[in-house]
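Chemist: Supplied in structure tokens, the structure appears directly below.
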Amino acid sequence: TTAKEFIDRFLVTCEAYKVPATILLAKIDLARQRPDEVEEFHAIYESAGYRIIEVSATEGEGVDEVRELLRGKTTLLSGNSGVGKSTLVAAVEPGLDIRTGEISQSHHKGKHTTTFSTMYPLSEGGYIIDTPGIKGFGLIDIEDAELAHYFPEMMRYLPECRFYNCSHTHEPHCAVVEAVQRGEIAYPRYESYLKILDEDDKYRK
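Here the sequence shown stands for residues 363 to 567, where the numbers follow the numbering used here.
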């Protein structure tokens, strides 16, 4: 699985550079063994405005929907090792010769079957870029004061904060914090916001 904080960092970057993002919930046939987690995942990211496609490349579920999404576009797939990126590419475009791997039994993490990014042409138009699995995702060129603008579900509340330079962490009458308390902003997303502020501060100054 890909950690939510990794996903949130990736989505922040997409928002900052105005790149449309869709979340693929891969290996859904296995994920459904934990239905509560799947439901929570949908609630978190759909409430933030993101489209989620449930996919099982081995079962063929969601593959046609992904193929339609990719048509005529240049699309990059990203995620941790072992989440099934290369397997999905092979399912979307069966004629490609793509090496796929399995989960390491000793570490229960994906093996790096893709060691560099490769762009493949799609028969129905467009290109797909298969990337190596990555362990972390840092942010650059995003100031503290800008970060909340790249969480779409926070945007509507920003004008309601008492202070124009509100950090949405400790200030009184913060509309974002109040929305989190009311359940209008998913707490895991707000938690990611706080972690990004804290952990990436030295890189973004």
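Glycine residues also receive a C-beta, built at the ideal position from the N, C-alpha and C atoms.
Everything numeric in this text was worked out from a predicted model, so none of it was measured.
(1) Assign residue 505 to one of three DSSP states: helix, strand, or coil.
(2) Please classify residue 443 as buried or exposed, where buried requires at least 16 other C-beta atoms within 10 Å of its C-beta.
(3) Considering only residues of the region 395-482, which uninterrupted alpha helix (DSSP H) runs meet the minimum length of 4 residues and lie entirely inside it, listed in chain order?
(4) Name the one or two DSSP bridge partners that residue 384 has.
(5) Please state the DSSP three-state secondary structure of residue 490.
(6) Going by beta-carbon coordinates alone, are residue 504 and residue 378 separated by less than 7 Å?
(7) Candidates 542, 554, 513 and 543: which alpha carbon is nearest residue 411's?
(8) Using CA atoms only, rank isn't needed, just tell me which of 435, 390 and 429 is closest to residue 421.
(9) Straight-line CA distance for residue 474 to residue 439?
(10) Please determine, among 450, 534, 535 and 530, the residue with the shortest C-alpha to C-alpha distance to residue 552.
(11) Would you call residue 459 buried or exposed, if buried means 16 or more other Cβ atoms sit within 10 Å of its Cβ?
(12) Taking the alpha-carbon positions, what's the residue 518 to residue 486 distance?
(13) Considering Cα atoms alone, identify which of 534, 510, 538 and 522 is closest to residue 370.
(14) Within the same chain, show all residues whose beta-carbon is closer than 6 Å to that of residue 386, passing over the 5 residues directly before and after it, in chain order.
(15) Compare the Cα-Cα distances from residue 494 to each of 449, 536 and 525 and report the closest residue.
(16) From residue 508 to residue 520, what does the alpha carbon distance come to, in whole angstroms?
Modeler: Straight from the coordinates:
(1) coil
(2) buried
(3) 397-408, 425-432 and 447-454
(4) 413
(5) strand
(6) yes
(7) 513
(8) 390
(9) Because the pLDDT of residue 474 is 43, which lies under 50, any placement of that residue in the model is unreliable, and the number read from its coordinates should be weighed accordingly. Cα-Cα distance, rounded: 15 Å.
(10) 530
(11) Taking all protein chains shown into account, residue 459 has fewer than 16 neighbouring C-beta atoms within 10 Å of its C-beta and is therefore exposed.
(12) Counting only the Cα atoms, residue 486 lies some 38 Å from residue 518.
(13) 510
(14) Answer for residue 386: 415 and 417, listed in chain order.
(15) 449
(16) 11 Å
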